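A short worksheet on the structure shown next.
There are 2 protein chains.
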Amino acid sequence: MKNSQSDATDLSAQIAKNIRDAIIDGRLIVDERLPSEAELSEQFSVSRPTVREALKRLAAQSLIRTQRGAFGGAFVNRLSYQEAYGQQITTSTLLLSMNDINIDVACEARFAMERACIALACERRTADHLATMRAEIHRQTQPGLSDESWCASDVAFHRALVDAAGNPVLSYQLSGAVEAMQPLMNMITYTARSREKIIDLHAEIADSVEQKQATPALESLDELSKYTKSLAETTLAKRQQKK
Amino acid sequence: MKNSQSDATDLSAQIAKNIRDAIIDGRLIVDERLPSEAELSEQFSVSRPTVREALKRLAAQSLIRTQRGAFGGAFVNRLSYQEAYGQQITTSTLLLSMNDINIDVACEARFAMERACIALACERRTADHLATMRAEIHRQTQPGLSDESWCASDVAFHRALVDAAGNPVLSYQLSGAVEAMQPLMNMITYTARSREKIIDLHAEIADSVEQKQATPALESLDELSKYTKSLAETTLAKRQQKK
DNA sequence: ATTTTTCATTTGTCTTACAATTAAAAGTCT
DNA sequence: AGACTTTTAATTGTAAGACAAATGAAAAAT
Chain A
1 MKNSQSDATD
11 LSAQIAKNIR
21 DAIIDGRLIV
31 DERLPSEAEL
41 SEQFSVSRPT
51 VREALKRLAA
61 QSLIRTQRGA
71 FGGAFVNRLS
81 YQEAYGQQIT
91 TSTLLLSMND
101 INIDVACEAR
111 FAMERACIAL
121 ACERRTADHL
131 ATMRAEIHRQ
141 TQPGLSDESW
151 CASDVAFHRA
161 LVDAAGNPVL
171 SYQLSGAVEA
181 MQPLMNMITY
191 TARSREKIID
201 LHAEIADSVE
211 QKQATPALES
221 LDELSKYTKS
231 LAETTLAKRQ
241 QKK
Chain B
244 MKNSQSDATD
254 LSAQIAKNIR
264 DAIIDGRLIV
274 DERLPSEAEL
284 SEQFSVSRPT
294 VREALKRLAA
304 QSLIRTQRGA
314 FGGAFVNRLS
324 YQEAYGQQIT
334 TSTLLLSMND
344 INIDVACEAR
354 FAMERACIAL
364 ACERRTADHL
374 ATMRAEIHRQ
384 TQPGLSDESW
394 CASDVAFHRA
404 LVDAAGNPVL
414 SYQLSGAVEA
424 MQPLMNMITY
434 TARSREKIID
444 LHAEIADSVE
454 QKQATPALES
464 LDELSKYTKS
474 LAETTLAKRQ
484 QKK
């Protein structure tokens, strides 16, 4: 027991935790300036490089931003949706790719969450959202679309669907679920036939949302979910067969 | 244009990005050892402190772990659910607290997502999940429970409900939505009356899930959603009245 | 009054050094 | 020979000091 804060962790980790806690429970508020690195190193009785390592940890989580020059320093950062999206997506992508998640499980989670958006989307969708969905469907019909572009367009379509729910918190929460699937989807081999079927389902969903009819939209989504899972299974089976 | 990677960003940020990208697209795999700090500083032509700042950034995202000693070093970390949960919750909490989110919007998002769990929960709930839900309901009936403990128990109940869906990816995605609500919920003043009503609804949900009846469970959840929103509105109205 | 210059402050980076830790390698004893 | 101990080399953790670069405020000049 060295001091009140100590673990087996680094000094820089302890200091970062200390400051992070202060931010989280409001002792440091948005745009407030932290003491300078020199002052912090005195306060915590560590060297400046150690303080800097702590600050970089916080910067990596977008909790602070730094500015050089007189009256510069480290400031508590207002976490924007943009940054939150980014972190969400990074974390989700890594979680899925590193833990050999069953693709079925991931699909189930994603479609369950998207399902939750349908009712709201039917209520609130704007012309913009519909236009985006149509545009992506159109892109998907283009011949000679690479598998990668196909998947990217698929993700864009689903993002538009989620955004159509008109709830930024919901969009944020689902960003990870939708985007993180892309690498997994990329592993699936899409035949022209399967693409066609998916495009049809996308169109059905867009139509239903446009007409504000939640029930058929849900049905199409469920169908899409089922079909995606079956594609994944087929791909997986073929892969294991090769072994 | 200084070099291929350069922005207006720090060197340490650039290096972190470089390594992060390598991890994300699989050029560095789980448990692989990164070059030593000395080697990295040579490779990137920067000093060791700069490399260290980059590594700390990655450590802050749980992308690497470090170990001292001979044959120690920085290793690509397998992102565990535990760590992913933590980051998810931190990010979500900060996003909500820093952007004066309308509590209605947050509620809507959370309940919409929980709704998505109900069907699966009815299918797969285990005795464990049910026991946890019951235990939390029981705790909620205890008199003299502080507002904070009440909210914590509420969160625990909903987590159990989410976990009952038996999909770890779903649990992960919802962890942020459920936990990040706690600070917002804490702002609500719960009367004995309102607590009682919420407990009843919790019990209804638990019963329905136990009996594998999704429809009544959804109804109770919707009722809970509506009631929570009305409580939030009341609190907000009173607060504005004081002004 | 406006523009320019100076200047102090602060972060960004580098250099060097040493402490702490750790696992392998070498050595020692039975 | 085998088990135990010591040494050693590699590596991260921390410290101290120095200078560069940026930046906004204050002072000076126009």
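Listed in order, the protein sequences are those of chains A and B.
According to my numbering, the first sequence is numbered sequentially starting from 1.
According to my numbering, the second sequence is numbered sequentially starting from 244.
Yeah, the Cβ is synthetic: ideal placement off N, Cα and C, and Gly gets one too.
Note that the coordinates shown come from a computational prediction; the quantities given were computed from them, not determined experimentally.
Chain B within 7 Å of residue i, Cβ atoms only
i                      : result
residue 215 of chain A : no
residue 162 of chain A : no
residue 186 of chain A : no
residue 61 of chain A  : yes
residue 9 of chain A   : no
residue 226 of chain A : no
residue 6 of chain A   : Its pLDDT being 36, under 50, residue 6 of chain A is placed unreliably by the model, and the measurement read from it follows with that caveat. So, not an interface residue.
residue 141 of chain A : no
residue 87 of chain A  : yes
residue 209 of chain A : no
residue 219 of chain A : no
residue 91 of chain A  : yes
residue 22 of chain A  : no
residue 167 of chain A : yes
Residue of the options minimising C-alpha distance to residue i
i                      : options                      : result
residue 279 of chain B : B:292, B:268 and B:267       : B:292
residue 183 of chain A : A:198, A:152, A:120 and A:70 : A:152
residue 180 of chain A : A:90, A:79 and A:74          : A:90
residue 375 of chain B : B:331, B:449 and B:361       : B:449
residue 322 of chain B : A:73, A:83, A:93 and A:84    : A:93
residue 389 of chain B : B:296, B:433 and B:360       : B:433
residue 311 of chain B : A:9, A:67 and A:66           : A:9
residue 143 of chain A : A:192, A:209 and A:228       : A:192
residue 492 of chain B : A:227, A:61 and A:47         : Past the boundaries of the shown model lies residue 492 of chain B; chain B is included only from 244 to 486, so the question cannot be answered.
residue 40 of chain A  : A:18, A:150 and A:228        : A:18
residue 245 of chain A : A:85, A:11, A:47 and A:107   : No answer is possible for residue 245 of chain A: it lies beyond the span of chain A, which begins at 1 and ends at 243.
residue 11 of chain A  : A:47, A:128 and A:134        : A:47
CB contact check: residue i to chain A, cutoff 7 Å
i                      : result
residue 321 of chain B : yes
residue 294 of chain B : no
residue 291 of chain B : no
residue 317 of chain B : no
residue 466 of chain B : no
residue 325 of chain B : no
residue 376 of chain B : no
residue 245 of chain B : Per-residue confidence for residue 245 of chain B stands at a pLDDT of 32, beneath the threshold of 50, marking its modelled position as unreliable; the derived number appears in the next sentence. Taking Cβ atoms only, chain A never reaches closer than 7 Å to residue 245 of chain B, which makes this a no.
residue 338 of chain B : yes
Nearest-angstrom Cα separation, counted from residue j out to residue i
i                      : j                      : result
residue 213 of chain A : residue 162 of chain A : 16 Å
residue 105 of chain A : residue 413 of chain B : 8 Å
residue 159 of chain A : residue 165 of chain A : 10 Å
residue 64 of chain A  : residue 55 of chain A  : 8 Å
residue 177 of chain A : residue 267 of chain B : 16 Å
residue 259 of chain B : residue 477 of chain B : 47 Å
residue 247 of chain B : residue 288 of chain B : Because residue 247 of chain B carries a pLDDT of 39, less than 50, the predicted location of this residue cannot be relied on, and no value is offered for it.
residue 439 of chain B : residue 485 of chain B : 27 Å
residue 324 of chain B : residue 415 of chain B : 7 Å
residue 368 of chain B : residue 431 of chain B : 30 Å
residue 75 of chain A  : residue 341 of chain B : 14 Å
residue 204 of chain A : residue 217 of chain A : 7 Å
residue 14 of chain A  : residue 138 of chain A : 52 Å
residue 384 of chain B : residue 442 of chain B : 7 Å
residue 136 of chain A : residue 156 of chain A : 7 Å
residue 296 of chain B : residue 38 of chain A  : 17 Å
residue 480 of chain B : residue 186 of chain A : 49 Å
residue 344 of chain B : residue 168 of chain A : 9 Å
residue 358 of chain B : residue 118 of chain A : 12 Å
residue 294 of chain B : residue 285 of chain B : 10 Å
residue 269 of chain B : residue 109 of chain A : 24 Å
residue 444 of chain B : residue 483 of chain B : 29 Å
residue 2 of chain A   : residue 228 of chain A : Since pLDDT at residue 2 of chain A reaches only 32, below the 50 mark, its modelled position is unreliable, and the value read off the structure follows with that caveat. Each residue's Cα considered, the two are about 55 Å apart.
residue 397 of chain B : residue 391 of chain B : 10 Å
residue 458 of chain B : residue 122 of chain A : 21 Å
residue 219 of chain A : residue 314 of chain B : 56 Å
residue 328 of chain B : residue 86 of chain A  : 16 Å
Cβ-based neighbour list, residue i, same chain, cut-off 7 Å, excluding 5 preceding and 5 following
i                      : result
residue 111 of chain A : 221 and 225
residue 20 of chain A  : 58 and 63
residue 231 of chain A : 188 and 194
Residue(s) in a DSSP beta bridge with residue i
i                      : result
residue 308 of chain B : B:318
residue 33 of chain A  : A:75
Residues near residue i in its chain [Cβ-Cβ closer than 6 Å; skip 5 each side]
i                      : result
residue 417 of chain B : 356 and 405
residue 276 of chain B : 316 and 318
residue 331 of chain B : 418 and 419
residue 22 of chain A  : 28
Own chain partners of residue i with C-beta closer than 8 Å, once the 5 adjacent residues on each side are dropped
i                      : result
residue 210 of chain A : 125 and 130
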